[in-house]
Amino acid sequence: MKHVRQILIWVVALMAMFPAFVGAAESGDNAITAVNVVRQGTAILLKIDLKNPLDELPTEFSVTNPPRIALDFKATTNALGANQKSIREGDLTSLDVVQVGERTRVLLNLVRNMHYAAKLEGDSAVLVTLTPLENASTSATTPSFTPGTGARHEIRDLAFRRGQAGEGRIIVDLSDAGAGIDIRQQGNNLVVDFLKTSLPDNLRRRMDVVDFATPVTSIATEDKSGNVRLTITSQGTWEHNAYQMENQFVVEVKAIIEDPNKLVQSSKIGYQGPRISINYQNGDVRALLRLMAEELGLNAVISETVAGTTTLVLKDVPADQVIDIIFQQKGLDMRKNGNVLLIAPRDEIATREKLQYESVLQLEELEPLVTETFQLNYHEAKAFKEILTDKDRSLLSKRGSAVIDPRTNMIFIQDTPTRLEELRRIVATVDIPLRQVLIEARIVEATDQFAKNLGVRLGLLHGKSYTNGGSWLGVGGDNNQTLRMYNGTNSIATNPAGGVEGQAEFPAFNQVNFPAGSYGGVEPSLFSFLLSNRQGTRMLNLEISALEADLKGRVVSSPRIMTSDQGEALIEQGVEIPYQEASSSGSTSVSFKKAVLSLKVTPHITPDGKVSMKLEINKDSRGETLAGGVAINTKKVQTSVLVENGGTVVIGGIYELTTRNDTDKVPLLGDIPILGYAFRSNSRLTEKSELLVFITPRIVNENLSVGN
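In structure tokens:
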């Protein structure tokens, strides 16, 4: 209740500062006398009557977020008797009329963006036609600005000036007056987006304007997804004003001068009334309030229950602060109805509002029910019904009900006409197409392997004869390969007694056996020779094996998936490996385990055009086969990231390095310098592997498709 009173006090102050809010002003050549609204089908006609004829149409521009349309009348004052009017016709909710100097702005507050066209009607009236975007092709009039169409606009020049009061003035020259403009404040920055507008290369820059001694410190311009973004950075406490005249858009940033007499340091809120000095000794409160209302030019109704006396001695105090002091002292409050103020004790106002609320509830119980059909285009009827009938806060009245038709995605609502009017606005706000996001993941696996192995086989054979019954002395292990080469056969006779006449055969004998091993499917190279005397009684065999392998590889996996805003999506590719699974009863069944490449993502498009994502990425592969089944090699990343539209971020990486040096040797003999190489083998192994995961989200619009 206290906040409501304070807001109304500010309203009183504004009415005192701008006489145009309570009556027609004296200055100016023209004045707005009446505003009439009528609805024709899906179109809304707004007629603005003026005191004198206009020579040209008012300057007009629109803002997309929040959706608004502004009309600027030059040399015109406000003679409506109010600065705000509630409309509630279709998508037009209300209008504000604000006079600054000799210029008056009519601001149309919309539920959503609409096409509009303005033309002169008769001698002294302006007719504005508002049509929904989907009906633009059938509209009889052509709007001066068509948000959302494919028309391109251009920024031709950008300048900065310092105003006479020390304000910073940014002037943007446009190619035409039809560019859509979205302006919002983000911290110390003022962000202005020019929709579907191009920016020349010479204007794509950042300007440092600190030397101008204004609240503005820098100005930056950049391309942003087919739009142009103007970022104005300011310092201190400031406020802004934006307006458009023909092809020129102007933003003014003005410093707020600190005033200790204000509750809040701003030129728009706080104590704003004219300063007065008062010496009121033990006087009647009703009489004091009546005198102040007359002094400020206010229409006030003072309740008869306002009683008592007060004493005030104030000097150079804002008038609205004086009223606030009286209200706090006597427990009073006020309500505004049009341009009339009702002043009464706080309890009396609370009781009156309670009775009004109860009467509204009674009227709602007696009001006849009406059934209306809503066709949902983008929202599921079942989900929308859950919103309407939420058990904690139902949007329907006590007698209201909702039924859905899943086949046609329609919802039938039976409720009072007042509640149905609110539901129409809710449906128009909720039933909008969801933006879509294309997510591309790149999983890069890089390997670098190097192996160097060196080994030897050595054998010595000594015997008296190679005929039956001879004696032999061998040193080393088997030497089958060399004997095959020497003997010319594919088998070795280990028993001389089973030999064949005329064919030399040798018994198996031992040798030093340290060959080089294979690596990565690459077999070592061999160098072998055998020395023997003519009788074949003495033989020396030497086999050297060596391997040097350098293996490099890269595997790139790139799953892509498209989904709607805040919609979970999953894509996977791979195999399912069967395995035996025992049940509690003792029987076995075949189950499957996935070894797949999968991407699971839930994106969310932030208001500033970035993409927040919950990601789960798996890169599984088949491992070695064990006694209980097949092992699965798993690589998984699960995280949440925030990425700019079209940007790429590395969300994870695994780096592995393996180094091994192995030596197999005969004790003592393998340590002999130089000669020891014949009694040992050496192997050296270096393996590097790296896994990187890249993510790139792209917001899909009319200019972007999967093929791009």
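Heads up, the sequence shown is in the working numbering, so the first residue is 1 and it goes up one at a time.
Even glycine gets a Cβ: it sits at the ideal position worked out from N, Cα and C.
Enclosing alpha helix (DSSP H) for residue i [first to last residue]
i       : result
Arg-204 : Looking at the DSSP string, Arg-204 is not in any alpha helix (DSSP H), and its letter there is neither H nor E.
Lys-593 : No alpha helix (DSSP H) contains Lys-593, which is instead part of the beta strand (DSSP E) from 588-605.
Thr-418 : 417-430
Among the options, nearest to residue i - alpha-carbon criterion
i       : options                            : result
Gln-239 : Ile-256, Ile-232, Lys-224          : The displayed chain sequence assigns Glu, not Gln, to residue 239. Residue Ile-256 is the option with its Cα nearest to Glu-239.
Thr-634 : Leu-597, Ala-165, Leu-314          : Leu-597
Asp-29  : Asp-415, Asp-201, Ser-591, Leu-54  : Leu-54
Val-111 : Ala-31, Val-575, Asp-91, Leu-376   : Asp-91
Val-301 : Leu-314, Ala-287, Thr-311          : Ala-287
Glu-523 : Phe-514, Ser-545, Leu-540          : Ser-545
Phe-61  : Lys-224, Val-37, Ala-118, Ser-689  : Ala-118
Gly-180 : Asp-392, Met-114, Val-209          : Met-114
Phe-694 : Leu-657, Asp-662, Asn-701, Gly-647 : Gly-647
Leu-71  : Asn-109, Lys-688, Ala-79           : Asn-109
Ile-48  : Leu-423, Ile-404, Ala-125          : Ala-125
Asn-337 : Phe-374, Leu-298, Thr-305, Glu-364 : Leu-298
Asn-83  : Asn-513, Asp-96, Asn-188           : Asp-96
Tyr-378 : Arg-435, Val-100, Ile-326          : Arg-435
Gln-719 : Lys-593, Met-613, Ser-584          : The structure shown does not extend to residue 719, since the chain is modelled only from 1 to 708, so the question has no answer here.
Arg-161 : Asn-36, Thr-217, Leu-395           : Thr-217
Asn-247 : Phe-412, Thr-59, Arg-684, Phe-527  : Thr-59
Thr-131 : Val-191, Pro-200, Arg-39, Ser-683  : Arg-39
Residue i, DSSP secondary structure in three states
i       : result
Gly-517 : coil
Tyr-677 : helix
Ala-569 : strand
Val-322 : helix
Arg-286 : helix
Glu-690 : strand
Ala-381 : helix
Ala-293 : helix
Lys-196 : coil
Glu-304 : coil
Asp-390 : coil
Ile-695 : strand
Leu-668 : coil
Gly-470 : Caution applies to Gly-470, whose pLDDT of 47 falls short of 50 and renders its modelled position unreliable; the model cannot decide the point.
Lys-51  : coil
Pro-507 : Residue placement at Pro-507 cannot be trusted, given a pLDDT of 49 that sits under 50; the coordinates are not used to answer.
Val-126 : strand
Leu-342 : strand
Lys-330 : helix
Leu-133 : helix
Val-733 : The structure shown does not extend to residue 733, since the chain is modelled only from 1 through 708, so no value can be given for it.
Leu-458 : strand
Ser-267 : Low confidence applies here, because Ser-267 scores a pLDDT of 45, under 50, leaving its location unreliable; read the following figure in that light. Residue state, collapsed to three classes: coil.
Arg-484 : Bear in mind that the predicted position of Arg-484 carries a pLDDT of just 45, short of 50, making it too unreliable to give a figure here.
Ala-177 : coil
Arg-112 : coil
Beta strand (DSSP E) segment containing residue i, residue limits
i       : result
Gln-362 : Gln-362 -> not in any beta strand (DSSP E); alpha helix (DSSP H) instead, spanning 346-366.
Pro-318 : 309-318
Ile-651 : 649-665
Lys-610 : 610-619
Glu-167 : Premise fails: Glu-167 is in no beta strand (DSSP E) and is neither H nor E.
Gln-99  : 92-100
Arg-39  : 30-40
Arg-538 : 538-557
Gly-180 : 180-186
Ile-256 : Element bounds for Ile-256: n/a, residue is neither H nor E.
Gln-375 : 370-375
Lys-398 : Taken as a continuous stretch (DSSP letters only), Lys-398 belongs to no beta strand (DSSP E), as it is neither H nor E.
Leu-63  : One detail in the question is off: residue 63 reads as Val in this sequence, not Leu. Unbroken beta strand (DSSP E) run through Val-63: 59-63.
Ala-79  : Unbroken run through Ala-79: none, as it is neither H nor E.
Gly-629 : 629-633
Ala-70  : 68-73
8 Å contact criterion, which residue i and residue j should meet: CB distance rounded
i       : j       : result
Arg-660 : Gly-670 : With 8 Å as the limit, Arg-660 and Gly-670 do not qualify as a contact, their Cβ atoms being about 19 Å apart.
Tyr-116 : Val-98  : The pair is not a contact, with the Cβ atoms about 19 Å apart (cut-off 8 Å).
Glu-440 : Arg-560 : 5 Å
Ile-183 : Val-63  : 7 Å
Asp-333 : Arg-346 : 4 Å
Ser-234 : Val-253 : 5 Å
Phe-194 : Ile-155 : 6 Å
Arg-554 : Glu-687 : No, Arg-554 and Glu-687 are not in contact; Cβ-Cβ is about 15 Å, not under 8 Å.
Asp-759 : Ile-632 : The first residue shown for the chain is 1 and the last is 708, placing residue 759 beyond what the model contains.
Leu-547 : Ala-516 : 5 Å
Leu-203 : Leu-158 : 5 Å
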